[in-house]
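Engineer: Pasting in a structure now, in structure tokens, and then I'll have a few things to ask.
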Amino acid sequence: MPNTYTQLLFHVVFSTKNRQRTLPDGHRDLLYRYIWGIHKNLNCHLYRIGGIDDHVHILTATPTTLALSDYVKEIKIGSSRWLKEQVEFARFEGWQDGYGAFTASFDGKDALIEYIKGQAEHHRTESLLDEYRRLLRENGITFDERYLS
21 MPNTYTQLLF HVVFSTKNRQ RTLPDGHRDL LYRYIWGIHK NLNCHLYRIG GIDDHVHILT
81 ATPTTLALSD YVKEIKIGSS RWLKEQVEFA RFEGWQDGYG AFTASFDGKD ALIEYIKGQA
141 EHHRTESLLD EYRRLLRENG ITFDERYLS
């Protein structure tokens with residue numbers, strides 16, 4: 021579309037089914053490369069992907085023609101199929117239902133990239149659930165605690 025300019029950055033977080041630790045260190049880069057390929061096919065820009073053994077953080081820019089829910093669906097379905105075929109991820113059962121998605125400012129992009137890069141260090145002091153609650157609160161999202169467990 022001529023004369024349409026956007027910068028739509030999203031910080032997306034989702035976890036493994038039942039938050040099982042099924043994304044072993046040393047093999048996650050394979051998963052990240054696969055998800056990067058999905059991004060290319062969707063015409064999205066992947067700024068950063070990271071996480072630990074039970075969840076993934078993605079900072080991405082999506083085109084206006086792609087609904088966020090469709091983006092997450094494509095990432096989760098495509099990567100789940102692939103993961104289940106890989107011997108390195110033999111214990112992976114699937115992704116948990118739902119996800120968190122937060123808008124990000126272009127000015128804050130570099131700090132968010134560093135945050136995602138530092139996930140292993142970060143989770144030495146904050147659990148995934150505490151992190152997720154904090155992200156929801158910081159972004160003004162009302163949530164029901166029953167659906168976080």
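Going by the numbering used here, the sequence shown opens with residue 21, and the numbers climb by one from there.
Yeah, the Cβ is synthetic: ideal placement off N, Cα and C, and Gly gets one too.
Tell me, please, which residues DSSP counts as bridged to His75.
Structural biologist: Residue mapping note: residue 75 aligns to position 55 of the sequence shown, counting from 1. DSSP output for His75 lists Ser35 and Ile72 as bridge partner(s).
Engineer: Among the residues of its own chain, which have a CB less than 6 angstroms from the CB of Tyr91, if the five just before and after it don't count?
Structural biologist: On the sequence shown, position 71 is the one that residue 91 refers to. Excluding residues within five positions, the ones whose Cβ falls inside 6 angstroms are Thr82.
Engineer: Within this structure, are the beta carbons of Val32 and Gly120 separated by less than 9 angstroms?
Structural biologist: For the purposes of this step, residue 32 is identified with residue 12 of the sequence shown, where counting begins at 1. For the purposes of this step, residue 120 is identified with residue 100 of the sequence shown, where counting begins at 1. Taking 9 angstroms as the Cβ cut-off, Val32 and Gly120 qualify as a contacting pair.
Engineer: For the beta strand (DSSP E) that Ala121 lies in, which residues bound it at each end?
Structural biologist: Residue numbering aside, residue 121 sits at position 101 when the sequence shown is read from its first letter. Its beta strand (DSSP E) spans residues Gly120 to Ala124.
Engineer: Report the three-state DSSP secondary structure of Phe30 (helix, strand or coil).
Structural biologist: Numbered from 1 along the sequence shown, position 10 holds the residue referred to as residue 30. Three-state DSSP puts Phe30 in a strand.
Engineer: By the three-class DSSP mapping on this structure, what secondary structure does Tyr91 have?
Structural biologist: By 1-based counting over the sequence shown, the position of residue 91 is 71. Helix, per DSSP.
Engineer: Would you say Gln27 and Arg111 are within 9 angstroms of each other, going by their C-beta atoms?
Structural biologist: On the sequence shown, position 7 is the one that residue 27 refers to. On the sequence shown, position 91 is the one that residue 111 refers to. Cβ atoms of Gln27 and Arg111: not closer than 9 angstroms.
Engineer: Less than 7 angstroms between C-beta atoms, sequence neighbours within five positions excluded: which residues of the same chain meet that for Leu62?
Structural biologist: Here residue 62 refers to the residue found at position 42 when the sequence shown is read from its first residue. Contacts found: Leu86, Tyr91 and Glu94.
Engineer: Tell me the rounded alpha-carbon separation between Leu88 and Asn23.
Structural biologist: Position 68 of the sequence shown, counted from the start, is the residue given in the question as residue 88. Position 3 of the sequence shown, counted from the start, is the residue given in the question as residue 23. Taking the straight line from one Cα to the other gives about 22 angstroms.
Engineer: In chain order, what residues of the same chain have a beta carbon less than 7 angstroms from the beta carbon of Lys37, not counting five sequence neighbours either side?
Structural biologist: One-based indexing of the sequence shown puts residue 37 at position 17. Glu113, Gly114, Trp115 and Gln116, listed in sequence order.
Engineer: To the nearest angstrom, how far is it from the Cα of Glu165 to the Cα of Ser147?
Structural biologist: Residue numbering aside, residue 165 sits at position 145 when the sequence shown is read from its first letter. Residue numbering aside, residue 147 sits at position 127 when the sequence shown is read from its first letter. Going from the Cα of Glu165 to the Cα of Ser147 covers about 15 angstroms.
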